[in-house]
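Undergrad:
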Amino acid sequence: MNETTAPPPEWCQGTDLDNFVLLLNGLKESLDQDLRAGPRPVAAGDR
1 MNETTAPPPE WCQGTDLDNF VLLLNGLKES LDQDLRAGPR PVAAGDR
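Under the UniProt record's numbering, the sequence shown has 29 at position 29, and the numbering climbs by one with no breaks.
1. Going by DSSP in three states, residue 40 sits in which element: helix, strand or coil?
2. Taking the alpha-carbon positions, what's the residue 42 to residue 36 distance?
3. Does residue 83 come out as helix, strand or coil in the three-state DSSP assignment?
Written as structure tokens, this is what we have:
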């Protein structure tokens, strides 16, 4: 077998992956804040 290391695929390189992880962390923090804030009142027309 060939022991040379292939570079990661283009979609997996640095900045895009880092940005995706930051986005997920931001969404998680936002969800945590919403859960701590408690239930929201339901809009009258929303069913």
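From the three backbone atoms N, C-alpha and C, an ideal C-beta is built for every residue, glycine too.
TA: To lay it out plainly:
1. Correct three-state label for residue 40: coil.
2. When rounded, the distance between both Cα atoms is 17 angstroms.
3. This structure does not reach residue 83, given that the chain is present from 1 up to 47, and the question cannot be answered.
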